[in-house]
Amino acid sequence: MTTEYTFDSNLTSEDLEKVKQAKIFQDFLSNRDPNVELKEVHLQSVDYFGPRVGFIKLRTKTVVEGQTIPGIVLLRGGAVAVFVVLIDDETGKKYSLLVDQPRAAIGKFIFECPAGMLDASGEFKSVAKKEIEEETTLILDESEFVDLTHMYSPECQDPGLYCSVGLMDEFLRFFAVEKHVDTATIDRLHGIEAGERHHGELIKVHIVDLDNVPKSTCDMKTIMAYLMYKDWKREN
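Last residue of the sequence shown? That's 1392 in my numbering, and every number before it is there in order.
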């Protein structure tokens, strides 16, 4: 099958070639059902993270059984989300470590579990470890990360759970971490500022009673991570 490529007038053929070589675009092509035919790709915009292709906006002509289906696509690739549970060694009480940060898309602050986009390596646990360090200052070992996605959906052949398939290719791989700490550590973590502030990550750490997580946020991935964690604990 031949796909026709075009691009908006504010872009160049060099932009198109960089997009076609980008991993998230290559994944977009390779993960397709052969019955979902990609006839045309029109590149509308591309956002760069330095020299690297970041987000890609496309208008496609996608055909199934001779019928064209809605074809606007935003490619951003996969990400990891980590549900961190702190267990107070002195009381046995469980807390969740959330981050509070402003999000431009909703125009407000929101509590979330730590999360971050995959890098070129595609190594889930190493990215998860790095995000926890950047967003919370906690130093963890990769062996401490429990893959909730695999445990929850062992038959799933995709690399994660899709978030908004009407527009985006984004998927999330969920992990959980249980960490025994003393009361002083919990008190120290609550309210600290973290994140790469020079890159606009205005993050503040919040420690929340574990079972208050669903009442603390409207963030889908955080509530999903909480429910997956609770299921894991019931079965283990």
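Note that the Cβ used here is the ideal one computed from N, Cα and C, for glycine as well.
>> Suppose only complete runs of 4+ residues qualify. What are the alpha helix (DSSP H) ranges in the region 1248-1327, listed by chain order?
In response: 1280-1292 and 1304-1308
>> So, with DSSP's three-state summary, where would you put S1201?
In response: strand
> Where S1219 and V1192 are concerned, what is the direct C-alpha to C-alpha distance, given to the nearest angstrom?
Replying inline: One detail in the question is off: residue 1219 reads as Val in this sequence, not Ser. Those two C-alpha atoms are separated by around 6 Å.
> What residues are listed by DSSP as bridge partners for Y1161?
Replying inline: V1197
> According to DSSP, what are the bridge partners of D1365?
Replying inline: Y1251
> Anyone know if the C-beta pair for F1301 and K1286 falls short of 8 Å?
Replying inline: no
> Skipping 5 residues on each side, what residues in its chain have a beta carbon closer than 8 Å to that of C1374?
Replying inline: I1266
> Hey, would you say V1361 sits closer than 8 Å to L1383, going by beta carbons?
Replying inline: no
> In terms of residue numbering, what span does the alpha helix (DSSP H) encompassing V1175 cover?
Replying inline: S1169 to Q1177
> Per DSSP, F1330 forms a beta bridge with which residues?
Replying inline: A1237
> Which of the three DSSP states, helix, strand or coil, is assigned to R1215?
Replying inline: strand
>> So, under 8 Å CB-CB, C1269 and T1378 are touching, yes? Tell me the CB distance rounded to an integer number of Å.
In response: 5 Å
>> The beta strand (DSSP E) that contains T1224, what's its start and end?
In response: Q1223 to I1225
> Between the C-alpha atoms of T1305 and I1180, what's the straight-line distance to the nearest angstrom?
Replying inline: 21 Å
> According to DSSP, is I1359 helix, strand or coil?
Replying inline: strand
> Is the beta carbon of D1164 less than 8 Å from the beta carbon of L1194?
Replying inline: no
> CB of D1245 to nearest heavy atom of the ligand COA: below 7 Å?
Replying inline: Because no ligand of any kind appears in the structure shown, any question about the ligand COA cannot be addressed here.
>> Comparing C-alpha positions only, which one of L1167, D1171, Y1251 and G1234 sits nearest to P1370?
In response: Y1251
> Skipping 5 residues on each side, what residues in its chain have a beta carbon closer than 8 Å to that of Y1204?
Replying inline: G1210
> From what residue to what residue does the beta strand (DSSP E) around I1379 run?
Replying inline: No beta strand (DSSP E) holds I1379; the alpha helix (DSSP H) holding it covers M1376 to E1391.
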